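If you want the numbering used here, it's the position in the sequence shown, counting the first as 1, plus 49. The block underneath contains the structure these notes are about, expressed in structure tokens.
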Amino acid sequence: MKVAVIDLGTNTCRLFLARVTGDVVRQDTRLTTVVRLGEGVGESGRLLPAAVARTRACLRGYASRARAYRPERRLLIATSVLRTATGGRSFLHEVERESGFPWRVLAGEEEGALAFRGGTSWLAASPSGASVGTAPLLLVDIGGGSTEFAVGVAGETPTFVCSLEIGVVRLTERFFRTDPPQPEAVTALAEHVAAAIAAGVPERLRLAVPAAVGVAGTFTTLVANKLGLTAYDASLVQGHVLSHADIDQAVGRLAVLTSAERGRLPGIQPGREDVILAGALIAREALRAFGLEAVTVSESDLLEGVALALADGSLPVP
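Here you go:
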């Protein structure tokens, strides 16, 4: 079955065109554009006109690509920023009229469960996943407005999911008032993340998970930067293991640079240079909270999870 998925988040808008056969997803197109729809929402509670204009322009191009693909099912999923922003539903109705995409605002726990399904779907077919077996896995999905944590066995429904309002755009706008940020601001952000995880995830669970998978732009960007990729190569990112030390060293490097200087580093996608430090801090604190020394990075994520759910009918199209 051919499916088309648009993922509209706080920082990025993504298009995914794929063919699904059973539990196998074959990607034909995967595009990411930084639109920063959530710009200023943390302070004002509203979508800014400039952010809406950027997003609508991106969506027009995506809708055209999707129409040419002729999918059997299509869906636009909206996440953190459109769960909370005033006027979000009106904006989505306008988008549906313009694009022809029905939409669904995912609850945080629903987003986490779908990210777990997509983010762990490749493990059964991967040599690196052979040792996972029935051991529980932690999946961490760092977004622009929120971060989802899901625990479960790969290929099964997660037994625990929570969504915390510790996304990279939200925290960057809240804590970083200078460029580069003051050391006290970096510490304050890290402490805020640690406290949020401690409050949101039971300690017994944090101590019982032996391995982690990280999905979405923060993790893939950290890998691309570590490998010095001047051109992004998904095959090198998929399955790469980032150690706690790798992430801690990245925090140290990024914290002393301005956004412009970060943007000149290899692997830093334009539009991520100002938020990648917050993302690295979230990743580091997540590993610390769960007592883990490393995280395996997955290119497969929420998009694959939604594609699978669309194909099997477990995620109905409105």
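Quick reminder that beta carbons are idealized off the backbone N, C-alpha and C, glycines included. Note that the structure is a prediction, hence the values are computed from the model and not measured.
- Residue 62 sits close to residue 104, with the two beta carbons spaced by under 8 Å.
- Note that the C-beta distance between residue 109 and residue 147 is below 8 Å.
- Look at the region 327-356 and you find no whole run of alpha helix (DSSP H) that is 4 residues long or longer.
- For residue 190, there is no enclosing alpha helix (DSSP H); the enclosing beta strand (DSSP E) has its first and last residue at 186-191.
- Under the 10 Å beta carbon count, residue 190 is surrounded by 16 or more other beta carbons and is classified as buried.
- The criterion of a C-beta distance shorter than 8 Å is not satisfied by residue 315 and residue 271.
- Closest in C-alpha terms to residue 69, from the list 366, 367 and 362, comes 362.
- The distance from the Cβ of residue 351 to that of residue 164 is about 4 Å, consistent with a contact at the 8 Å cut-off.
- Rounded to the nearest angstrom, the Cβ distance from residue 359 to residue 154 is 16 Å, too far for a contact under 8 Å.
- Here DSSP, grouped into helix, strand and coil, assigns residue 320 to coil.
- Its Cα nearest to that of residue 321, the residue 217 stands out among 288, 217, 364 and 339.
- In the DSSP assignment, residue 76 is bridged to 67.
- By DSSP's assignment, residue 290 forms a beta bridge with 345.
- Here the C-alpha atom of residue 196 lies approximately 25 Å from the C-alpha atom of residue 111.
- The three-state secondary structure of residue 82, taken from DSSP, is strand.
- Shown here, residue 149 sits in coil according to DSSP, grouped into three states, outside any helix or strand.
- Nearest C-alpha to residue 205 among 222, 348, 357 and 215: 357.
- Per DSSP, residue 104 is one residue of the alpha helix (DSSP H) stretching across 98-118.
- Under the three-pair Cβ rule at 8 Å, the region 233-242 does not count as touching the region 133-140.
- Only exposed fits residue 256, as fewer than 16 other CB atoms lie within 10 angstroms of its CB.
- In this chain, the beta strand (DSSP E) harbouring residue 196 covers 196-201.
- Sixteen is the threshold: when 16 or more other Cβ atoms of the shown chains lie within 10 Å of the Cβ of residue 56, as they do, the residue is buried.
- Judged by their CB atoms, residue 286 and residue 348 are nearer to each other than the 8 Å cut-off.
- For the pair residue 219 and residue 161, the Cα-to-Cα distance works out to about 18 Å.
- In the three-state reduction of the DSSP assignment, residue 228 falls in the coil class.
- Looking from the CA of residue 341, the closest CA among 242, 302, 187 and 364 belongs to 187.
- Ranking 207, 192, 145 and 228 by CA distance to the CA of residue 265 puts 192 first.
- Within the same chain, 74, 167 and 170 come within 7 Å of residue 353 by CB-CB distance, once the 5 residues on both sides are set aside.
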